[in-house]
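Protein chains in written order, with this note's numbering: chain A, 1051 to 1473; chain B, 657 to 763; chain C, 431 to 581.
Just below is one structure, and these are the notes that go with it.
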């Protein structure tokens, strides 16, 4: 096990790390064939079916838009809409609409817009529009830029607000009328309100201190689960008596391609399928027991640099698929993963900092202080999608596997520190 | 509330030393402001009082309102002149009292 | 409250301004009034001097659910001369009360930290009382961040 930690680069280390688990798994009953692969229940699903969205999440049906599993959204229009004449809109209504957080976070999420919304923590993903009213833009241009900006800029990250029906023509006209009133540089009440001066957040909390991070309580819970016999009369302990030594690096080698399932397998799905095949416990993904086990298995590997297999043909293909999926425009708001975490990374979306992919994986599963809950990476994927108004997939969906592998590949070398603590 | 209180304080100290004490009790701290799915207010249920005593003498007390976050955390100090035992007490709106103790050797 | 103390009136004024700036509804100023009431009750209507009290909070809270707060008073903690109580109120919460910390000479330091809930950007006001009846106060504005994606 030690060697796995010392060898920093190359597949040898990965194989060794993976092998450590395999041997450990094989030391109990039921070692399979020569390869001694960890037993997995390859039947059925690893999460609830039919998958039901969390009760506290928006219940909107987004089935007519792209998801990671389907392409359904209408394609971009080729040309701007022609307007009959100058826009007649209500600037006061427009001022309210640009700050309306019920329809996609409001324009202020990405733009500084003069006094709109009290200039309270606007974002800076898009340009400062505080003087757009003096920029000499035609009404038709402004209208179309809100309606569907892809007619002017196919690479834009801005949603097609009209094209996807979030705002109707009259509402967009009202917003245009408001934009035309914006003629003075933005004035901010405090420096913190200016996204160009707002300091990027730095995570300094001691995430492994149980008095700081309630996510750590899952480590205690998992140690109890470890000794608890499942339906087959065995516990984790029956085969893995020295968890600390056996799993000192294992989680850092996950996710990985699993030929028996023909998809990428992450720690959480592994827990479900391996327990089913051995102890008989049925720890479905995104249940408390599964989360606790995932936290614990990651925790045991804390400090180990993430080092997944990126060289086998199957892994390479999965990473390539994950990369493609990360570029797919999803949902009513038409965002790709890379729109926020690539093109717009290191900017403010309203009061929230958009991070790059690097650093977005090493702390999962993580405690969320806003929700008082542990989230694993698959739940984080799901939430991102629901938030941009796309339907989420069940956590064991193969598309999430590809995406997770691609994300892990971008976090190569980052040291695990689980459970994290984030907003 | 199966989760136990969490305490963090030194096991040993010098006479007259001022030590730092951190405590946390796992508790939802239901504020009374939230509504359930049917729009009905969820009744308030919080830890409303925290007391720390040392050898029976008061060290620190907090009267707590619903604005204190879930898993109420208290960090404070104590001057220790003798070996003894800290006793921590949390009182719930429903009358439940949770206690924990930790001793310290003072030289 | 029948008669506003000067300090309470000050607190009210300051938070009233904050409420106007961030465009929050009228209920905020109701909360600010109640905060002022609680302070007046704590001080017995006397004026607290704006000194000796430190309030530590993040400038921008990443969410309003778990905001770390630390209050301390730079004053002796010995014998019959010590900080006996610190009242903490948040003037933009539905209920402004946060906590009252009570100390004794055994506390060693007049300092307490906890984690609090904040409904929105608002002022945190701390008022300290000593065993000799002195009153000190301070306040700090904390911005509660706004999420990007909306509802």
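Every residue gets a Cβ at the ideal spot worked out from N, C-alpha and C, and that includes glycine.
Because the structure is a prediction, the values reported are computed rather than measured.
| Check | Outcome |
| --- | --- |
| The ligand COA and residue 1430 (chain A): does the residue's C-beta get closer than 7 Å to at least one heavy atom of that ligand? | In terms of ligand content, the structure shown is empty, and the ligand COA therefore cannot be addressed. |
| With DSSP run on the structure shown, which of helix, strand or coil describes residue 1289 (chain A)? | helix |
| Kindly say whether residue 1402 (chain A), judged by its beta-carbon, lies nearer than 8 Å to any beta-carbon of chain C. | yes |
| Among A:1100, A:1137, A:1103, which has the Cα closest to the Cα of residue 1222 (chain A)? | A:1137 |
| Less than 6 Å between C-beta atoms, sequence neighbours within five positions excluded: which residues of the same chain meet that for residue 697 (chain B)? | 691 |
| Whole angstroms are fine: how far does the CA of residue 1425 (chain A) sit from the CA of residue 1226 (chain A)? | 40 Å |
| Which runs of the alpha helix (DSSP H) spanning at least 4 residues fall entirely within the segment 1267-1347 of chain A, listed in chain order? | 1267-1276, 1286-1289, 1293-1296, 1317-1328 |
| By how many angstroms is the C-alpha of residue 689 (chain B) removed from the C-alpha of residue 495 (chain C)? | 13 Å |
| Using the Cα positions of residue 1078 (chain A) and residue 1289 (chain A), report the straight-line distance between them to the nearest angstrom. | Bear in mind that a pLDDT of 36 at residue 1078 (chain A), under 50, signals an unreliable position, so the number given afterwards is only what the model happens to contain. Spanning the two alpha carbons is a distance of roughly 5 Å. |
| Can you give the Cα-Cα distance for residue 463 (chain C) and residue 472 (chain C), rounded to whole angstroms? | 14 Å |
| I'd like the list of long-range same chain contacts for residue 682 (chain B), defined as Cβ closer than 6 Å, with 5 residues on each side in sequence excluded. | 659, 727 |
| Let me make sure I understand the geometry here. Which of A:1107, A:1096, A:1099, A:1114 has the alpha-carbon closest to that of residue 1384 (chain A)? | A:1114 |
| May I ask you to verify whether the segment 563-578 of chain C touches the segment 482-489 of chain C, counting CB pairs closer than 8 Å and requiring at least 3? | yes |
| Quick one: what's got a C-beta closer than 7 Å to residue 478 (chain C)'s C-beta in the same chain, skipping five residues either side? | 437, 557, 565, 566, 567 |
| Chain B beta carbons: is any one of them nearer than 8 Å to that of residue 1261 (chain A)? | yes |
| Kindly indicate the opening and closing residues of the alpha helix (DSSP H) around residue 1226 (chain A). | 1219-1229 |
| Return the chain-ordered list of same chain residues with a C-beta closer than 8 Å to the C-beta of residue 1095 (chain A), the five sequence neighbours on each side being excluded. | 1444, 1446 |
| Just the C-alpha distance for residue 572 (chain C) and residue 497 (chain C), rounded to the nearest angstrom, thanks. | 10 Å |
| Tell me which same chain residues have a C-beta within less than 7 Å of the C-beta of residue 1392 (chain A), skipping the five on either side of it? | none |
| Looking at chain A, is there any beta carbon in it that lies within less than 8 Å of the beta carbon of residue 757 (chain B)? | no |
| Output yes or no for whether 8 Å exceeds the beta carbon distance between residue 1456 (chain A) and residue 1369 (chain A). | yes |
| In angstroms, rounded to a whole number, what distance separates the CA positions of residue 1198 (chain A) and residue 1169 (chain A)? | 25 Å |
| Any residues in the segment 567-581 of chain C with a beta carbon nearer than 7 Å to a beta carbon of chain B? Which ones, in chain order? | none |
| Going along the chain, which residues of the segment 457-483 of chain C sit with their C-beta nearer than 7 Å to a C-beta in chain B? | none |
| Pick out the complete beta strand (DSSP E) segments inside the segment 1367-1428 of chain A, 3 residues or longer, and give them in chain order. | 1416-1418, 1423-1425 |
| Quick check: the Cα distance between residue 1466 (chain A) and residue 530 (chain C), rounded to an integer number of angstroms? | 40 Å |
| Since residue 512 (chain C) and residue 561 (chain C) should fall inside the 8 Å C-beta cutoff, what is the C-beta to C-beta distance between them, to a whole number of angstroms? | 5 Å |
| Use the C-beta contact count for residue 694 (chain B): other C-beta atoms within 10 angstroms, 16 or more gives buried, fewer gives exposed. | exposed |
| Residue 1144 (chain A) lies in the alpha helix (DSSP H); which residues open and close that run? | 1141-1147 |
| Kindly list the residues whose CB is nearer than 7 Å to the CB of residue 1180 (chain A), restricted to its own chain and excluding five residues on each side of it in sequence; keep chain order. | 1162, 1163, 1164, 1232, 1234, 1235, 1236 |
| Using the C-alpha atoms, what's the distance from residue 1303 (chain A) back to residue 1427 (chain A)? | 15 Å |
| Indicate the three-state DSSP secondary structure (helix, strand or coil) for residue 1172 (chain A) in the structure shown. | coil |
| Look at the Cβ atom of residue 1117 (chain A), then the Cβ atom of residue 1435 (chain A), and state whether they are nearer than 8 Å. | yes |
| Apply the 10 Å Cβ neighbour rule to residue 1089 (chain A) and answer buried if 16 or more other Cβ atoms are within range, or exposed otherwise. | buried |
| Note down, in chain order, each residue of its chain lying with its Cβ closer than 7 Å to the Cβ of residue 1376 (chain A), except the 5 sequence neighbours on either side. | 1386, 1387, 1388, 1453, 1456 |
| Would residue 741 (chain B) pass as a contact of residue 667 (chain B) if the rule is Cβ separation under 8 Å? | no |
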